[in-house]
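Colleague: Please read through the structure below; I'll follow up with questions.
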Amino acid sequence: MNNDVLLGAPSGTLDWLLDNLIDRVSGAESAVVLSADGLPVAGSNRLTREQIEHLAAIASALHSLGRGTGTHFGKGALRQTVIELDGGYLVVSEAGDGACLALLAASDADLGLIGYEMTVLVGQVHEHLAATPRIPTSTFTGRHQQ
0 MNNDVLLGAP SGTLDWLLDN LIDRVSGAES AVVLSADGLP VAGSNRLTRE
50 QIEHLAAIAS ALHSLGRGTG THFGKGALRQ TVIELDGGYL VVSEAGDGAC
100 LALLAASDAD LGLIGYEMTV LVGQVHEHLA ATPRIPTSTF TGRHQQ
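According to numbering that gives the first Met the number 0, the sequence shown is numbered sequentially starting from 0.
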């Protein structure tokens, strides 16, 4: 089973691309594509379904706060949100119309490389990342069930 819920996305495409990103990029640990309102669209196989849903909700909230900050203080559009934690980073980027890409990285990860690879991924599959808000959670039947 795959957990793509995007209309028009080939079955498993986003899961495979996220897994490939995690496998290729040193320090990248897991990734999720989410709709603007925090619902998971796809997730890398290193996360359980519950973790995917939780990370999607967190990333959506952080991204929303970042957009609001740019608007309120006249700093323009949000490019990326980076949260530095003791054990690593959370990086959230725009990923199409109404979608975001969130990636958890190790504390020794090269954030420049992480950001670059996220941008490349989004550019390659932009047409598949146009998420429709409010996809019922019952349609999320991901392979990550535990």
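Note that beta-carbon positions come from the ideal geometry of N, C-alpha and C, so glycine has one too.
Model, not experiment: these values are computed from the prediction.
(1) CA-CA distance, residue 105 and residue 88?
(2) Is there contact here, the region 54–65 with the region 18–35, by at least three beta-carbon pairs under 8 Å?
(3) Can you give me the start and stop residues for the alpha helix (DSSP H) that residue 121 sits inside?
(4) Could you tell me which whole beta strand (DSSP E) segments of length 3 or greater appear in the region 51–118?
(5) If you run the structure through DSSP and keep just helix, strand and coil, what is residue 38?
(6) Quick one: grab the DSSP three-state call for residue 33.
(7) Pick from 90, 117, 125: whose alpha carbon is nearest that of residue 60?
(8) Excluding five sequence neighbours on each side, which residues of the same chain lie with their C-beta closer than 8 Å to the C-beta of residue 107?
Modeller: On the basis of the data shown:
(1) Cα to Cα, residue 105 sits roughly 6 Å from residue 88.
(2) The count of Cβ pairs closer than 8 Å, one atom from the region 54–65 and one from the region 18–35, reaches three, so the stretches are in contact.
(3) For residue 121, the enclosing alpha helix (DSSP H) stretches over residues 110–123.
(4) DSSP runs (the beta strand (DSSP E)) wholly in the region 51–118: 79–84, 87–93, 98–105.
(5) Of the three classes helix, strand and coil, the one that applies to residue 38 here is coil, per DSSP.
(6) Looking at residue 33 - three-state DSSP - the assignment turns out to be strand.
(7) Out of 90, 117, 125, 90 has the C-alpha closest to the C-alpha of residue 60.
(8) Taking C-beta separations shorter than 8 Å and ignoring five residues to either side along the sequence, the partners of residue 107 in its chain run 26, following chain order.
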